[in-house]
Amino acid sequence: MGYYKMIMKEKIKKDLIESSFVKMKLAEECIDQIELATKWILESYQEGGRMVLFGNGGSAADAQHIAAEFVNYFRIPSRPMVDCLSLTTNTSILTAIANDTSYDNVFAKQIESLVNCKDVILALSTSGNAKNVIKGIEMAKKRGAKTILLTGQKGGKAAPLADLSIKVPSNDTPRIQESHIAIGHIISDIVEYELFKDYLEKDPLDIKEAEASAPVRIHLGEGGDTDYYVEKLGWGCIVNATLESHRYKCTIKKLESTNEIKVIIINSFYENKDYNKAKKEYIINNVKEKAKEDIIAATILEVFPDFKGEILIESNVPEVSGLGGSSSLSVALINALFKIKGKELPTPIECAYLSYHIERELMIIKGGYQDQFAAAFANGFNYMEFKKVSKNRKVDVTVLPLNIKPAILEKIEESLLLFYLESREIQGSNIHEEQENILTKNEEEVTNLRLEKRENILDIRDTLQHGDLEKLGKLLVKDHELKKKVSPKFINKLTEDVYCSALNMGAYGGSVCGAGSGGCIVLFCNKEKKQSIINVVESKGGVYLPCKIIK
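For the sequence shown, this note's numbering begins at 1 and goes up steadily by one.
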């Protein structure tokens, strides 16, 4: 037994040394390829893509292992989940494809339906000769995705097909697979850090400055996102989109030498239009007292009441525009304050509920939930549902990003026009109060209108994903007419004049943003008619705001 133990120890030592030796050679020979693979995967996630992995046997297990590090977390437990897919986890799909066609197609068939040009595929094959891996790489290239192969020293037939091949310098299958996992861990570590380094806790004494930004949103019809509607209808829904082009950025600095907060607000929309609105400065001496009327003070009071220093707010969003600007400002400031405190950032849902609490409950500003959730999630196009199912919150909010194909998204953006008409005549709180009063006085009639409106939002959601802009326009016009019935103050003379004039000029339809009675309006039209509609709206005093949707 003693001799056997000695032989076993030698075997263990030998295997560990061999494994270490292969990894040392990997560092010498493949570091550039691993760096490039990491860069491609990081860029894919930054541009809205994802990584898709596949392999057979032990390589299938390795693919699932690496995917788990991405979906869950590697070193940063507080960060959001990441979309990453291993193609060997759904046995029904695998066996259906293998049984009905061939095992050689089990990856290619899935890739054909799941992968697009923003994605990166990571194929694992120790030999590089697995037929299903080869076919998977070929299909991914047809779909426009970047292709990376983890393989052994020889590379096999798959190596020349992939855009990038990382060949572990060994012909021994166990050593190759051990290195594949090491490569997967390295990539997971770097990509996670670059995407989510803001979620790492830092020593607050070391942090003197922090910044964060949040987008504003447009909405395409509204099916009830306020407490009073959800209470009566059971649930509500909305379709909106956050803008890459219009946002609030907060930069905050801690200053040891002051006992006050200096606020500077710079709004480029008013540059050369209104000097008093283009730049504002004021001092907050008493946060608690100022919080009753100032959202910056209210947010500081709730998140970091001891903060002293300077806050710079930069924006290009018109005031009282109906784009949810106050919520975007609050969300950006919440995240910046968490950063300067050295704390983990709140999740999007935590940030949204906190922002809602500040605006709706502390400052008593009436309104719905969509603004805070749109700003915090910043997904681009969203479908949101609002349900009263939880005891500890009035309303539970579900945010579902709309899966719109890139070609359709481009078509939608080409047809979209955003205008600022005028500052809202009536405060949003007053409009919401009016809606609540009308619901109370005419409950049956308004409830029926609201149910019709909610059903229309579901049609808007589905039509948007199919890219049928003419049908979308008709549905938006229907939503507009229903909105006027449930809230007379929603519309004013200028807004209705612009809306009707745009329809007469050939616009498909549109939506008045926010609570209405001024602010911004969204229109959709054939791209050939955009300029003529712009000219008409500008002749009525509207300001055209070229915009981009977050992708």
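We put the CB at the ideal spot given by N, CA and C, even for glycine.
Since this is a predicted model, take the numbers as computed values, not measurements.
Task: Rounded straight-line distance, which links the Cα of LYS388 to that of GLU231 - done: 7 Å
Task: Close-in-space but distant-in-sequence residues of the same chain around GLU289 (CB under 7 Å, 5 per side omitted) - done: none
- [ ] Please determine if the region 207-219 and the region 230-244 are in contact, where contact requires at least 3 C-beta pairs separated by less than 8 Å.
- [x] Judged by Cβ distances under 8 Å, the region 207-219 makes contact with the region 230-244, as three or more pairs qualify.
- [ ] Pick out whichever of LEU337, GLY325, GLY324 has its Cα sitting closest to the Cα of ILE252.
- [x] LEU337
- [ ] List the whole-angstrom C-beta distance separating ARG450 from VAL486, where the pair is believed to meet the contact cut-off of C-beta under 8 Å.
- [x] Confirmed, about 6 Å.
TODO: May I ask you to report which of helix, strand or coil DSSP gives CYS351?
DONE: helix
TODO: With distances taken Cα to Cα, identify the nearest neighbour of ASP552 among GLY325, GLU47, LEU255, GLU222.
DONE: Outside the shown range of the chain, which is 1 to 551, sits residue 552, and nothing can be said about it.
- [ ] Identify whether LYS254 lies in helix, strand or coil by the three-state DSSP scheme.
- [x] Strand, per DSSP.
- [ ] Pick out whichever of SER326, ASP189, GLY309 has its Cα sitting closest to the Cα of SER315.
- [x] SER326
Open item on the list: So, with DSSP's three-state summary, where would you put ALA378?
Closed with: coil
Open item on the list: I'd like to confirm the pairing. Which residues does DSSP put opposite ILE265 in its beta bridges?
Closed with: LYS280, ILE313
Open item on the list: Starting from GLU481, trace the alpha helix (DSSP H) in both directions and tell me its first and last residue.
Closed with: 469-486
- [ ] Rounded to whole angstroms, what's the CA-CA distance from TYR282 to ASN272? Just pull it up for me.
- [x] Inter-residue distance for TYR282 and ASN272 is about 21 Å (C-alpha atoms, whole angstroms).
TODO: Run the CB neighbour count on SER92, radius 10 Å, all protein chains shown included, and call it buried at 16 or more, exposed below.
DONE: exposed
- [ ] Hey, could you find the ends of the alpha helix (DSSP H) THR147 is sitting in?
- [x] Per DSSP, THR147 belongs to no alpha helix (DSSP H); it is in the beta strand (DSSP E), 146-151.
Task: Under the three-state DSSP convention, the category ALA130 falls into - done: coil
Open item on the list: For GLN177 and ALA332, I'd like the C-alpha separation in whole angstroms.
Closed with: The alpha-carbon atoms of GLN177 and ALA332 are separated by roughly 44 Å.
- [ ] Tell me whether HIS466 is buried or exposed, calling it buried when 16 or more other Cβ atoms sit within 10 Å of its Cβ.
- [x] Exposed.
- [ ] List the whole-angstrom C-beta distance separating LEU418 from VAL522, where the pair is believed to meet the contact cut-off of C-beta under 8 Å.
- [x] 6 Å
Task: Assumed close pair THR38, GLN64 - CB separation to whole angstroms, cut-off 8 Å - done: Actually they are not in contact, since the Cβ atoms of THR38 and GLN64 sit about 20 Å apart, beyond 8 Å.
Task: Reduced DSSP secondary structure (H/G/I, E/B, other) of THR89 - done: coil
- [ ] Enumerate, from N- to C-terminal direction, the unbroken alpha helix (DSSP H) stretches of 4 or more residues contained entirely within the region 54-100.
- [x] Fully enclosed alpha helix (DSSP H) runs of 4 or longer: 58-71, 91-100.
- [ ] Could you tell me whether the region 165-175 touches the region 139-155, where touching means 3 or more Cβ pairs closer than 8 Å?
- [x] yes
Open item on the list: Please list the terminal residues of the continuous alpha helix (DSSP H) segment that includes ARG461.
Closed with: 443-466
TODO: Rounded to whole angstroms, what's the CA-CA distance from ASN456 to TYR369? Just pull it up for me.
DONE: 19 Å
- [ ] Would you kindly report the start and end of the unbroken alpha helix (DSSP H) that includes ARG175?
- [x] 173-196
Task: Selection from ILE491, VAL82, SER179, ALA145 that minimises the alpha carbon distance to LEU16 - done: Residue SER179 is the option with its Cα nearest to LEU16.
Open item on the list: Going by C-alpha to C-alpha distance, which of LEU362, LYS530, LEU503, SER328 sits closest to GLU302?
Closed with: LEU362
Task: Separation of GLU35 from GLU29, as counted between CA atoms - done: 12 Å
Open item on the list: Residues in the same chain with beta-carbon distance under 7 Å from LYS530, minus the five sequence neighbours each way, listed in chain order, please.
Closed with: LEU417
- [ ] Name the two residues that bound the continuous beta strand (DSSP E) containing PRO401.
- [x] 396-401
- [ ] For my contact list, LEU400 and TYR199 are in at a C-beta cut-off of 8 Å; report their separation, rounded to the angstrom.
- [x] That belief does not hold up - the Cβ atoms of LEU400 and TYR199 are roughly 23 Å apart, past 8 Å.
TODO: Please state whether DSSP places GLY428 in a helix, a strand or coil.
DONE: Confidence in GLY428 is poor, its pLDDT being 49 and thus under 50, which makes the residue's placement unreliable; the coordinate value appears in the next sentence. Helix.
TODO: Return the CA-CA distance between VAL133 and GLU538, expressed in angstroms with no decimal places.
DONE: 57 Å
TODO: Please report how far the alpha carbon of ALA352 lies from the alpha carbon of GLY236, in whole angstroms.
DONE: 17 Å
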